[in-house]
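Chains as they are written, first to last, in our numbering: chain A, 1 to 250; chain B, 1001 to 1248.
We treat Cβ as the ideally placed atom computed from N, Cα and C, and that holds for glycine.
All values derive from a computational prediction rather than experimental measurement.
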């Protein structure tokens, strides 16, 4: 029992196949890279073939990782992705868009675009994966929420609403899939230094001051996803995991 | 291998309540992940058995009841610089509100609130907590659900959660993190101790994902102690097997 060299820590994904959406950049790319490093075979999805190919090229070799280009807001493309997945032990829904506009200037078509990408795509992908029996017993579903689902920021209404809708889904979903030992959880990150937000460095540096432990890195989110995907979290379901550098307002 | 964000190699971690249940499982997992354990408990024999079975070397034991100020003082005097602390010593007793007494309240707050909070205070004041350390407090999902007869137990755990959030915000500048794990019914000696007043097995079976084992909670604690969670603070992680999904 005292031989530490025999010990394998429980934060690994060996033997699992994990689908990662939004894997062509930012959080999704880091999730794909770290999941592969943790031993998973990954199926990566994104809209941009070249950037998705870049992600594929940096994954730990050895397993047959698969890249599938598809825009998840387009139902036929989603069907194609589901068909390409094979059986899955985990899904990380990391695809998302920004949705920032003052509400007095909001157009319904803009709101619909944000909801399509941030809420309906992960919801209907989950529906398809369940209906097509693509998820193995014990599968873990991880949804990317946001600190914005819990905080108020001027102009961020459409984005906040889309993420709050996603969190509302987690508990009923968790109950519906529990009989097959499957789990559903959300990660609610604060500001992570990714291409989605770092085009304005000065703004980002200013925002960083709000975070006692600084801005997040995409890897921080990836490690949280690995915990939620691994069997060690088999009793964790229906939760929002706050990942926000200890910011004092969540 | 030391570069793994999930390794605890080279870290010294204090674990209270290490002689049984969640504390015992956490000591085993953390030691296996490379940590040096400072194990604290009241029962000398059980604690010695736990420590003797840990992977690695250099572990220490401290015998004492942390509701006793002298025991806390002795622990702080003996403690090396700590990279992590797990506050898993706790106790549960049930009483419907109309039967609550000052004694019931004092006992439950002494072990579940005063002890971890005052021990944290003393460790911070004596600079025993290293920069970038991770503090993990074991609360209970009862703090949110507060079912029958748990008014004081739930209250003590909810109070602890609130105080942990203040600890996190005050010490973030040293990179110190403070988080809670909030478990449902876990198969531990503490749960067995409630058998004469409730059917704990029935309650645990209600959970959609079944009974929670101590190692399930230990895994969450180990993640919160590891560098992998370096951006996580002021969080409470619910591990309830889905028991409270319909009310959360």
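{"Item": "Measuring CB atoms only, is the stretch 1221-1233 of chain B touching the stretch 1153-1164 of chain B, in the sense that at least three cross pairs come out at less than 8 angstroms?", "Value": "no"}
{"Item": "Put residue 45 of chain A into one of helix, strand or coil per three-state DSSP.", "Value": "strand"}
{"Item": "Suppose the cutoff is 7 angstroms on Cβ atoms and the five residues either side in sequence are ignored; what does the same chain contact list for residue 167 of chain A look like?", "Value": "145, 149, 186, 240"}
{"Item": "Cutting at 7 angstroms between CB atoms, please list the residues of its own chain near residue 82 of chain A, excluding the five before and the five after it.", "Value": "128, 129, 132, 134"}
{"Item": "Let me check understanding here. Comparing Cα to Cα, which of A:85, A:140, A:180, A:117 lies closest to residue 98 of chain A?", "Value": "A:117"}
{"Item": "Of the choices B:1198, B:1247, B:1166, whose alpha-carbon is the least far from that of residue 1096 of chain B?", "Value": "B:1198"}
{"Item": "So what does DSSP say about residue 17 of chain A, is it helix, strand or coil?", "Value": "strand"}
{"Item": "Any heavy atom of the ligand NAD inside 8 angstroms of the beta-carbon of residue 33 of chain A?", "Value": "The ligand NAD is not among the ligands present in this structure, which contains no ligands whatsoever."}
{"Item": "What is the DSSP secondary structure of residue 1134 of chain B, reduced to helix, strand or coil?", "Value": "strand"}
{"Item": "Which residue marks the beginning of the alpha helix (DSSP H) containing residue 1165 of chain B, and which one marks its end?", "Value": "1151-1171"}
{"Item": "Is residue 45 of chain A buried or exposed, if buried means 16 or more other CB atoms sit within 10 Å of its CB?", "Value": "buried"}
{"Item": "For the stretch 122-150 of chain A, list every residue whose C-beta sits within 7 angstroms of some C-beta in chain B, in sequence order.", "Value": "none"}
{"Item": "Can you list, in chain order, the residues of the stretch 5-19 of chain A whose Cβ is nearer than 7 angstroms to any Cβ on chain B?", "Value": "7, 9, 10, 11"}
{"Item": "Output the distance between the C-alpha atoms of residue 1055 of chain B and residue 1185 of chain B, rounded to the nearest integer angstrom.", "Value": "28 angstroms"}
{"Item": "Please report how far the alpha carbon of residue 1161 of chain B lies from the alpha carbon of residue 242 of chain A, in whole angstroms.", "Value": "15 angstroms"}
{"Item": "According to the Cβ coordinates, are residue 1080 of chain B and residue 1128 of chain B closer than 9 angstroms?", "Value": "yes"}
{"Item": "Pull up the distance between the alpha-carbon of residue 1082 of chain B and that of residue 61 of chain A, whole angstroms please.", "Value": "38 angstroms"}
{"Item": "Quick check on the burial criterion: 16 or more other C-beta atoms within 10 angstroms. Buried or exposed for residue 1131 of chain B?", "Value": "exposed"}
{"Item": "So residue 219 of chain A packs on residue 38 of chain A, CB below 8 angstroms; how close in whole Å?", "Value": "Not confirmed; about 12 angstroms, so no contact."}
{"Item": "Using 9 angstroms as the limit for Cβ to Cβ distance, is residue 28 of chain A near chain B?", "Value": "no"}
{"Item": "Using a threshold of 9 angstroms, state whether the C-beta atoms of residue 212 of chain A and residue 1203 of chain B are closer than that.", "Value": "no"}
{"Item": "Measuring only the C-alpha atoms, how far is residue 95 of chain A from residue 24 of chain A?", "Value": "9 angstroms"}
{"Item": "Give me the Cβ distance between residue 17 of chain A and residue 28 of chain A, rounded to the nearest whole Å; I'm assuming they're in contact under 8 angstroms.", "Value": "Incorrect: roughly 16 angstroms between the Cβ atoms, too far for contact."}
{"Item": "Should residue 153 of chain A go down as buried or exposed, given a rule of 16 or more other Cβ atoms within 10 Å for buried?", "Value": "exposed"}
{"Item": "To the nearest angstrom, how far is it from the Cα of residue 70 of chain A to the Cα of residue 1019 of chain B?", "Value": "53 angstroms"}
{"Item": "Which residues in chain A sit within 7 angstroms of residue 1242 of chain B, going by Cβ to Cβ distance?", "Value": "174, 175, 178, 237, 238"}
{"Item": "Step through the CB atoms of chain D and report whether any lies within less than 9 angstroms of the CB of residue 233 of chain A.", "Value": "Chain labels in this structure do not include chain D; the protein chains are A and B."}
{"Item": "When you compare only the Cα positions, how much space is there between residue 990 of chain B and residue 1244 of chain B?", "Value": "It is not possible to answer for residue 990 of chain B, since the shown part of chain B is limited to 1001 through 1248."}
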